[in-house]
Each structure stands twice: as C-alpha cells, then as structure tokens.
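What follows is a single structure, written as structure tokens, with notes after it.
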Amino acid sequence: MANDFKVEGFSLEDLLANKKMSYQIPSYQRPYAWDKDQISDLIEDLTESYCNGKEGQYFCGSLVIAKGANSERYDIIDGQQRLTTFTILACVIRDFYIDNLGAENKDRIQDSIYDKYDKDKHKLKFLTDERYQTTFESSVLRENVLQERLKEVKKPQDIKDNRYLQNAYYLKERLKEAISENNIDINDFVSWLYTKVILTRIECPDEESAIRIFNVLNDRGIPLSPVDILKSSLMQSLDKERREAFKTTWQEIMSNLKTMGFSMYDTLNAYFYYAIADNPKGRLDKELKTYFEKTKQDSIAIIEEIRKFAHHYIEMINAKDKYIYCLRYLPNQIYWRSILCAAKMVDYKEYNKLKELLMAYYYQNLIGMATANRFKQVSFNILKAVKDNKSIDEIKNIMRENLKKYGTTKDYKEWLDDADVYDLKWVKPTLLLLEYFSKDDEIGFIEMDNKLHTEHILPRTPNDDWKKIFSDEERDSWTNAIANLTLLKFKKNIQAQNKSYEEKRKIYLNDDVSTSFNITQDIFKHKKWNAEALEMRENEIKTKIAKHIDIF
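Per the numbering used here, the very first residue in the sequence shown carries number 458; after that it's consecutive.
Written as structure tokens, this is what we have:
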C-alpha cells in the first residue's frame, strides 16, 4: 500500500502554474477561513525568507491530494487554506503588479489562475457550495476585478461578508507595505515565490487513504517536534550519568510549564529571542543548536539556564499585574514576553517602568492596526538594550522614534475616532484596559473568552424608543463607535439586548459583583443615553487611554 503514495517536494510553480494540475475543494470540506492574522503571517514569512536568504528554499507545509472521482481535478484533502490564499495572491499580483513583471512571471501568474487556452477553466474550484465558487470567480478570479472592487475600500469591514475579497485586500496592503519597507523588486520576488517556495505534496491513490493520511499528519504523535530534536541534540554530548541529570531537569521544566498551562515550545521560542535578540531565520531547534555551538556552552549549563528562564517566564506571565494582564491580550505575545523575561534574567532595575512602556507601545500599535513589520525589529532592539542594561530613557527613545517614523500615534487616535470599530480585534483588549485602570483596587485577570461580550448601548436594531432619541445620521455615527460599546457577561448580554436605555439601566445597576464591570456601571450612571452622553464618553475614553498609552 505504501508504494501507492507519492511524496515529493513541489515548487509553487509545479503545483499551481503546472498546466497539467488543477484542483477542487471537496464538498465535505469547511469553507475558506483564513483571516488577517494568517495573511499577515504568510506575507511576513515570505518576504523575510526572500530578504534573508533568497538562494535557499522556503518550506511552506504540506498538501494532501487524491484524484477526484469522475473528475480530471485533484481533491485537496489538506492544505486548501494555503493553496486558496496563494491563488488569491496570484490574482492580487496580476491586477496590481502585472506591468512590472517579465514575460515568464506573467505566464506563471496567469497559469496559476486559469488555463491559458480556456479562461473559464480555473485552476481551483470549490465544490463545498456553489455560492463560494460564484463569489470567488466574480470577486477575485476575474481579470482586473480586484482593481474595481478594492478601489473604494477604505477598511476591511466594508467587505466583511466576502472572505476572499477581504483577504485580497489584506494581501494587497501587506504586500505593498513589505515591498516599500524592504525595497523589494516585485519581478524578482515573484520569480523566487514560484521557484523557491516548496510544499510537500502527498498524492494518495484514493480519497479514503488521503483522509487517513490527513488524520495522521494532524495527530499529536507523529513527527518529532523541534523541541524533541533539540533535546536529543543537547543530550548527545553527555555521558550516561549526566544524560540522566539532563533528562530529569528537562522533565521538571516541562512538568512545571504544563501545570501552569504553558508549552515547552513557546517557552523555548521566547528563550531563543532572549538568547540571540534577533529574528529567527529557520526552525527553532536548528537556530538554538547553532547558537549553542557558537557560545560553546555545556549542555548541563544550557538546561540550567533554560530552567531559570522558564521560572521567570511562568512567574512573569502569571503575575497579578494590570500591565501584564493587558499585554496578555496582544496577538504577538513573543515580543513582550521575551523582553520582560530578559529583564528578569539580567535583573533590570527599571523593570516596572519597562513593563508600562511596553504596554503603551504595543497598544498604540494594536489600536493603530499596525502589522508586526512595524514593531518586530524595534522589539529586538529593545531586547538588546535590556540585556545591555541601557537606561529606561534610551529604551523609551527607541519606541518614540519608531512611533514617530510610522505615525502610529496618529493612527491609533484616528481609529478611536472611527464610527465602525465593533468587529475590530483591538476593541475588547482596549475596553479591558479601561476596566483594569478604572479603579486602584487589585483585580484578577479577566479571560477574553466566549462568555465575554462587547455590548452596544444604543442597539444595532433599535426599537421605536431609541429612534425617537437618535436620528438616522446619529445612529450611523455612533452605533459601532467605541463610545457606544462596553463589556458584558453572556447572561446579562442576553437579558439586555435591544431593550430601552431605562430597562438596561435597571438590569445593570442591580447587577451582582460577579458579572459587573466598572466601565459598564459608569455608563449607566447617565440618566439618558443620547448623542451628548456619547460625546462625553468618547472624550473620557480618549483621555483615559491616552493617560496609559500616549506616554512618549
């Protein structure tokens, strides 16, 4: 049976631009689900790999396929998110950069989207739902459609009902930003993209075996993780007695981390950032092994340092501290964690001030909708400064110069003024920040889970009472603005929903301590909720946020 499987590394050109290969997403697959975070990570990884070593190959995961029943197309069993995204990326390059490409790259892009001799035959087809295929074709695949559809788009919420088009927007913006920041030649980048980006293609004889392979690939137990490989490498140089001591310490670290809900991989990743204070260019185990070889550290000394680091890692993240609570909501955890652990490792004297500055800096970036490209290198510069015991003023200046360079402070203030922020990922963390600093009392960490809701005071579907208070224009301006939003627990959210302001006040002013939020209680101290009250709260929010994050 094993001989029936074909496993081979394929370039993107061989997979997508190959005239003999076309694909379909089977009906049982879930819809396309990648969002801004995955898009940003992909473009960041691709452009970093291109800039840091374009002569080498970049491995981008696996693709499990099987010949479709009664079809000349291959069923994609695993890898549909990635392949769909690469197809959308090809469409973005076609519609916005085609004039900058040479003939060979123009052909590669075209062949990735449809058959050269039959433009109705697209390389990727959705069988999941006819609507998805229609939407994909009409909003992304059709030539020049992206220029038409994205021309008037000011922000991704304008197209939130079309995941394909929204991700085309993100790809366009992230690619444009990466090209500008890294001075990338788009024609050279496309050549690299199609020849150096490699996926492991696993071709199965039938759908049943393909699904079995998919389950194995996603099962916890198979390939050795980078953590396992690193452990093995470090143990090789030790004699039997010292090897046992190493294993005991390693197991103790893993056990302590697991008990507190942390993974060894994430901890080692933070340790690696601390150790080299630079951007990793390869797999964790390889990078750390190279670092240890350069520093000529003994394996026992290494594991003892990792144990010390893990202790600080657990202690720091679990600290009863408002600033740490706020940092824990950030999407890019690795940066602040490695910086603060570095501060613990070197006993940095201005730790508390550093913590405050980090929260302020990263929240300006969060609210300002900045990508990691804006703050990644600065994070490494801060790390180096902490390890070198530079003054807190020098570190503050590093942050200040970066915020000034990108206009981040201006960006975050403009987003706070925006009339449509309800669905944005910074809203809950920002409301939680306001909650933590609403009183001087010590407060526990608030989980940002599905029980925590962002509530509209003026409802999105107002009843007649609300319509008497707000004009249509006022509702458009205020309904999804930050001033009209607060935090509620699930039960209270269900109870309040579209009720009048007076009814909502009764529910919340009689709330018990376990489900109450200070910022929500403060809202319902207003006897009326109208445009004047909203303007007042908007100013209060801006002032309070600025007090904690506009400190540069």
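Built from N, CA and C at the ideal position, the CB exists for glycine as well.
Asked, Found
"Cβ-based burial, residue 557 [other Cβ within 10 Å; buried from 16]", "exposed"
"Rounded C-alpha distance that separates residue 634 from residue 804", "37 angstroms"
"Boundaries (first-last residue) of the alpha helix (DSSP H) holding residue 1011", "Missing from the structure shown is residue 1011; the chain here goes from 458 to 1009 and no further."
"Residue 430 to residue 879 span [Cα, whole Å]", "The requested residue 430 does not occur in the structure, where the chain is confined to residues 458 to 1009."
"Option nearest residue 792 by Cα separation, candidates 749, 806, 737", "737"
"C-beta neighbour in chain D for residue 831, strict 8 angstroms", "Any reference to chain D falls outside this structure, which holds one protein chain only."
"For residue 768, the residue or residues it bridges with in DSSP", "Residue 768 is not bridged to any residue."
"Secondary structure of residue 658, DSSP reduced to three states", "strand"
"CA-to-CA distance, residue 567 to residue 537, given in whole angstroms", "20 angstroms"
"Test item: CB-CB of residue 627 and residue 496 under 8 angstroms", "yes"
"Counterpart residues of residue 579 in DSSP-defined beta bridges", "571"
"Distance CB(residue 517)-CB(residue 656) smaller than 8 angstroms", "yes"
"Cβ-heavy atom distance, residue 471 to the ligand MN, below 7 angstroms", "This structure lacks the ligand MN; in fact it carries no ligand of any kind."
"Cβ shell of residue 918 (< 8 angstroms), same chain only, five flanking positions each side left out", "955"
"Complete runs of the beta strand (DSSP E) confined to the region 496–573 [at least 3 residues]", "515–524, 531–535"
"Residue 464 - DSSP class collapsed to helix/strand/coil", "strand"
"Through-space distance from residue 650 to residue 469, alpha-carbon basis", "7 angstroms"
"Residue 695 versus residue 754 - alpha carbon distance", "12 angstroms"
"Residue 983, DSSP secondary structure in three states", "coil"
"Other residues of its chain near residue 822: CB distance less than 7 angstroms, five sequence neighbours each side excluded", "831, 832, 865"
"With 16 other Cβ atoms within 10 Å as the buried cut-off, status of residue 856", "buried"
"Burial state of residue 717, where buried means 16 or more other Cβ atoms lie within 10 Å", "exposed"
"Rounded Cβ spacing between residue 975 and residue 871 (contact assumed at less than 8 angstroms)", "At roughly 27 angstroms, the Cβ-Cβ gap does not stay under 8 angstroms, so residue 975 and residue 871 are not in contact."
"DSSP three-state assignment for residue 726, whether helix, strand or coil", "helix"
"Host beta strand (DSSP E) of residue 480 (start-end)", "480–482"
"Residue(s) in a DSSP beta bridge with residue 937", "877"
"Among 922, 938, 876, nearest to residue 1016 - alpha-carbon criterion", "Because the chain in this structure spans residues 458 to 1009, residue 1016 falls outside the shown range and cannot be described."
"Opening and closing residue of the alpha helix (DSSP H) in which residue 887 lies", "884–893"
"Residue 825 classed as buried or exposed, judged by whether at least 16 other C-beta atoms fall within 10 angstroms", "buried"
"Backbone CA spacing between residue 509 and residue 729 [nearest angstrom]", "18 angstroms"
"Straight-line Cα distance separating residue 876 from residue 580", "40 angstroms"
"Assigned exposure category for residue 888 - 16 Cβ within 10 Å defines buried", "buried"
"Beta-ladder partner(s) of residue 946, from DSSP", "909"
"Exposed unless 16 or more other CB atoms sit within 10 angstroms - verdict on residue 962", "buried"
"With 16 other Cβ atoms within 10 Å as the buried cut-off, status of residue 535", "buried"
"Supposed contact pair residue 597 and residue 625 - C-beta distance, whole angstroms, cut 8 angstroms", "6 angstroms"
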